[in-house]
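Novice:
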Amino acid sequence: MLMNIESMSKNLPLRFAQGQDDGIFGQPGGMTFSTVSLNMKYCLPTVIWPNELCVCYCFVMVEQEGATLIDSGVLLERFKVEHFLRKINLPLQKIYLTHSHPDHAGNAAYVSKKWKVPVYASADELPYLFGTKKLAPRNYEGANLRTRFIQLGDAFLPTPRIPWAKAYEEDRDFSERYRWIPIPGHTPGNGALLHLKTKSLFLGDSLLNCNTLSWRQPVGLSFPHHFFSQNQALAIRSTTVLKELDFDHAFFGHGPPILKAAQKQIADFLGSRK
Ligand SMILES: [Zn+2]
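The numbering of the sequence shown is the working numbering, which starts it at 520 and goes up by one.
Right, here's the structure in full:
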C-alpha cells in the first residue's frame, strides 16, 4: 500500500491550478482537478482539490498511509465526485466530514459503500447523521433571490443518513495525523480538521472564502451566512479559536483555498470583525 500510493502520487502534477482547464490527468475540458503539493521534497502529503465542483468543495488528502476524502460534495454533483475519485485512482481509506449539511455530506454514504471505506464525523454531529436528532428548519426571512433558490434545495436535500458513521475518536490513527477543532454554531457538531504534518486546515463551512449569496460568488473571507446556521451568534463566536491556531493552509467548502499565510489572513479577518 505504501509503495503504491507513493508511486501513484508522484505522477500527480506538482502544481496548483485555480479554476483553469489545464488538462490535468488528460480529462476533457471542464473536468479538471487541482493538485496542491504541500511537500515538494517527497511529493507527499498532497491535497487534491476538484475545483470543478460548483456547489461545495471536497478534498483528497494523500499521505503515505493512504488517501482521505474530506467532505463529499452535494448529491447533485455525485457524477463529478465519482469521476474525480476514479480519475485520481488512489486507494481511498476513509471519509472525514466537517459537518452533516447535504452539500458537504451528500455523497459520503454512496462513496463509503462503493469504495468500502468508513465515514467519520465529530461525536456531536453523529446524531444528525444517524437521524436521531434533526437540525432546526432554516429561517429565510429577508433572503435574496439566489438564497431563495438555495432554499428550494432544503425540500429535496435533507440531512444525509449515514447510520454506520463513527466518531473521530474511533479512528485509530486520527490523533496522530489530525486534530479536530470544534467550531459549533453552524451546526451543533460543526468544526474544522487540522492536518498536523502539513498544517492544513479544512474548514468546511466554519468560514467561507466567497459570498455564496451572490450569483458571482466574489472571493473573500466571510462567516457562514446566518440563513444556513443553527446558531449564528455561536458560529461567529466559536471561530475565535482560529486566532491562536497554528496552520499555514486553509481549505474551504466554498471559495478557493488560501495556501500562504492563511492563519494571518484569517486572524486579520476575525480581528477586523470584532
Ligand atoms: Zn454547512
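Glycine included, C-beta positions come from ideal geometry on N, C-alpha and C.
Opposite V638 in the DSSP bridges: which residues?
Specialist: Numbered from its first residue, the sequence shown carries residue 638 at position 119. Its beta-bridge partners are I614.
Novice: Could you name the residues, in chain order, whose CB is less than 5 angstroms away from a heavy atom belonging to ligand 1?
Specialist: This criterion selects H620, D724.
Novice: Verify whether the separation of the beta carbon atoms of F578 and F742 is less than 7 angstroms.
Specialist: Taking the sequence shown and counting its residues from 1, the one referred to as residue 578 is at position 59. Taking the sequence shown and counting its residues from 1, the one referred to as residue 742 is at position 223. Not in contact: F578 and F742 (Cβ atoms no closer than 7 angstroms).
Novice: Which residues in the same chain as G545 place their Cβ atom closer than 7 angstroms to its Cβ, once the five residues preceding and following it in sequence are excluded?
Specialist: Translated into the one-based positions of the sequence shown, residue 545 becomes position 26. Any reading at G545 needs caution, since the residue's pLDDT is 33, under 50, leaving its predicted position unreliable; the model's value is listed next. No residues qualify anywhere along the chain.
Novice: Beta carbon of P621: closer than 6 angstroms to some heavy atom of ligand 3?
Specialist: Within the structure as shown, ligand 3 is missing, the only ligands being ligand 1.
Novice: Where in the stretch 690-734 do unbroken runs of the beta strand (DSSP E), each at least 3 residues long, occur, reported from the N-terminal end onward?
Specialist: 697-701, 710-714, 719-723, 727-729, all fully within the stretch 690-734.
Novice: V600 lies in the alpha helix (DSSP H); which residues open and close that run?
Specialist: One-based indexing of the sequence shown puts residue 600 at position 81. Unbroken alpha helix (DSSP H) run through V600: 597-607.
Novice: What residues match up with F746 in a beta bridge as DSSP calls it?
Specialist: Translated into the one-based positions of the sequence shown, residue 746 becomes position 227. F746 pairs with nothing; no bridge assigned.
Novice: What does the alpha-carbon distance come out to for the pair I614 and P701?
Specialist: As a working mapping, residue 614 is identified with position 95 in the sequence shown. As a working mapping, residue 701 is identified with position 182 in the sequence shown. Distance between the alpha carbons of I614 and P701 is about 18 angstroms.
Novice: Using only CA atoms, which one of P682, N658, Q670, P610 lies nearest to L645?
Specialist: For the purposes of this step, residue 645 is identified with residue 126 of the sequence shown, where counting begins at 1. Nearest C-alpha to L645: P682.
Novice: From the DSSP output, which residues share a beta bridge with G774?
Specialist: On the sequence shown, position 255 is the one that residue 774 refers to. Note: G774 sits in no beta bridge, so no partner.
Novice: So N728 and G739 are supposed to be a Cβ contact under 8 angstroms. How far apart are they, rounded?
Specialist: For the purposes of this step, residue 728 is identified with residue 209 of the sequence shown, where counting begins at 1. For the purposes of this step, residue 739 is identified with residue 220 of the sequence shown, where counting begins at 1. At roughly 7 angstroms, the Cβ-Cβ gap stays under 8 angstroms, so N728 and G739 are in contact.
Novice: Helix, strand or coil for A780 per DSSP?
Specialist: Working through the sequence shown from its first residue, we reach residue 780 at position 261. DSSP places A780 in coil when its eight states are reduced to three.
Novice: Taking the beta strand (DSSP E) that T587 falls in, what are its first and last residues?
Specialist: By one-based count along the sequence shown, residue 587 stands at place 68. It spans 585-589 - the beta strand (DSSP E) in which T587 sits, taken as one unbroken run.
Novice: Could you tell me the distance, in whole angstroms, from the CA atom of I543 to the CA atom of G672?
Specialist: Locating residue 543 in the sequence shown gives position 24, counting from the first residue. Locating residue 672 in the sequence shown gives position 153, counting from the first residue. Interpretation of I543 is limited by its pLDDT of 34, a score under 50 that renders its predicted location unreliable; the figure taken from the coordinates is listed afterwards. Computed Cα separation, rounded: 32 angstroms.
Novice: Who does A686 pair with in a DSSP beta bridge?
Specialist: Locating residue 686 in the sequence shown gives position 167, where the first residue counts as 1. For A686, which the question treats as bridged, DSSP gives the partners A640.
Novice: Report the three-state DSSP secondary structure of G739 (helix, strand or coil).
Specialist: On the sequence shown, position 220 is the one that residue 739 refers to. G739: strand per DSSP, three-state reduction.
Novice: How is H623 classed by DSSP in three states: helix, strand or coil?
Specialist: Numbered from 1 along the sequence shown, position 104 holds the residue referred to as residue 623. Helix, per DSSP.
Novice: Is A655 helix, strand or coil by DSSP?
Specialist: Walking along the sequence shown from the start, residue 655 turns up at place 136. Note: A655 maps to coil in three-state DSSP.
Novice: Please go through the same chain and pick out, in chain order, the residues whose beta-carbon is closer than 6 angstroms to the beta-carbon of H745, but skip the five residues on each side of it.
Specialist: Numbered from 1 along the sequence shown, position 226 holds the residue referred to as residue 745. Contacts found: Q751.
Novice: Specify, as a first and last residue, the run of the alpha helix (DSSP H) that R680 falls within.
Specialist: Locating residue 680 in the sequence shown gives position 161, where the first residue counts as 1. Taken as a continuous stretch (DSSP letters only), R680 belongs to no alpha helix (DSSP H), as it is neither H nor E.
Novice: Which residues mark the beginning and the end of the alpha helix (DSSP H) in which A662 is found?
Specialist: On the sequence shown, residue 662 is found 143 positions in, with the first residue counted as 1. Here A662 belongs to no alpha helix (DSSP H), and DSSP marks it neither H nor E.
Novice: Let me confirm a value: S725 is counted as buried when at least 16 other C-beta atoms fall within 10 Å, else exposed. Which label applies?
Specialist: Here residue 725 refers to the residue found at position 206 when the sequence shown is read from its first residue. It counts as buried.
Novice: Compute the Euclidean distance between the alpha carbons of A662 and R792, then round it to the nearest angstrom.
Specialist: Here the question's residue 662 lines up with position 143 in the sequence shown. Here the question's residue 792 lines up with position 273 in the sequence shown. Going by the C-alpha atoms only, they are around 22 angstroms apart.
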